[in-house]
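In my numbering, the protein residues as written are 177 to 335.
Have a look at the structure below before the remarks.
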Amino acid sequence: MSTQTPWPVAGFDPVRRLHVIAAVTPGAAVRETLLDAPFDRVWAAAADLEDGLPRWLPDIREVRLAAPREGGRRQALVIGRSRLRARFDVELEPGWCLMRSRFLLGGMAARAEPDGTRFAFLGAFRVPAGGVVGGVLRPATDPLARRSLHRFARLVREG
């Protein structure tokens with residue numbers, strides 16, 4: 177008979193996992209919505225980074241994904257409407273996407289619920305004063321985030 181106490185285990189669904197990352201990232205904000213659509217349809221729209229992201233995130237003009245590397249991660253070149261460019265390390269799996277560049281962190285997560293699919297996305301600056309920058313910009317970024325969620329919901333509805 178073992179006298180050792182087992183280690184506690186905490187399993188998080190992707191949306192909760194995104195909230196945990198936001199909680200430990202200064203200035204990060206997560207926005208979420210419940211969509212009246214099945215998980216597969218929601219995640220198909222979210223995971224289509226090259227065609228989908230520019231359709232619902234207003235500051236993205238183009239996403240170019242490289243072929244998956246060992247371990248399934250990918251690289252992406254994201255070009256903004258202002259023509260600024262950033263290279264992202266992308267972790268993408270069903271219900272989960274985390275994108276990290278030198279200065280930005282972005283994420284998306286989804287989980288099926290009885291009334292549809294909960295979809296969330298995260299944004300943060302990865303700079304030493306990211307918490308301050310995020311707080312200062314929040315009055316401007318909150319309306320953009322709400323509009324982005326509405327645009328994403330429309331993209332899901334239109335299929």
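Heads up, the beta-carbon is just placed ideally off N, CA and C, and yes, glycines get one too.
Since the structure is predicted, the reported quantities are computational estimates derived from the model, not experimental observations.
By the neighbour-count criterion, in which a residue is buried when 16 or more other Cβ atoms sit within 10 angstroms of its Cβ, F301 is buried.
Restricting attention to beta strand (DSSP E) runs no shorter than 3 residues, the segment 202-259 encloses them at 205-211, 236-241, 250-256, ordered along the chain. In this structure, the CA atom of A198 is about 31 angstroms from the CA atom of T181. Contact check between the segment 235-244 and the segment 183-197: fewer than three CB pairs, one atom from each, fall below 8 angstroms, which does not count as touching. Counting only the Cα atoms, L211 lies some 23 angstroms from E267. Excluding five sequence positions before and after A222, the CB atoms of its chain that fall closer than 8 angstroms to its own CB belong to G228, C273, M284, A286, F295, F328, given in chain order. Non-local C-beta neighbours of T209 in its own chain, meaning closer than 7 angstroms and more than five positions away in sequence, comprise F295, L325, A329, ordered along the chain. Straight-line measurement puts the Cα of A213 at about 10 angstroms from the Cα of W219. Listed as beta-bridge partners of R333 by DSSP are no residues whatsoever.
Nearest neighbour of P290 by Cα position, chosen from V200, F215, V196, turns out to be F215. Taking a 10 Å sphere around the C-beta of A204, we find 16 or more other C-beta atoms and assign the residue as buried. Burial is judged here by how many other beta carbons sit within 10 angstroms of a residue's own beta carbon; F279 has fewer than 16 and is exposed. Taking the Cα positions, Q251 is about 27 angstroms away from T293. Here DSSP, grouped into helix, strand and coil, assigns R193 to helix.
The beta carbons of V206 and L194 sit about 6 angstroms from each other, so the pair counts as a contact at 8 angstroms.
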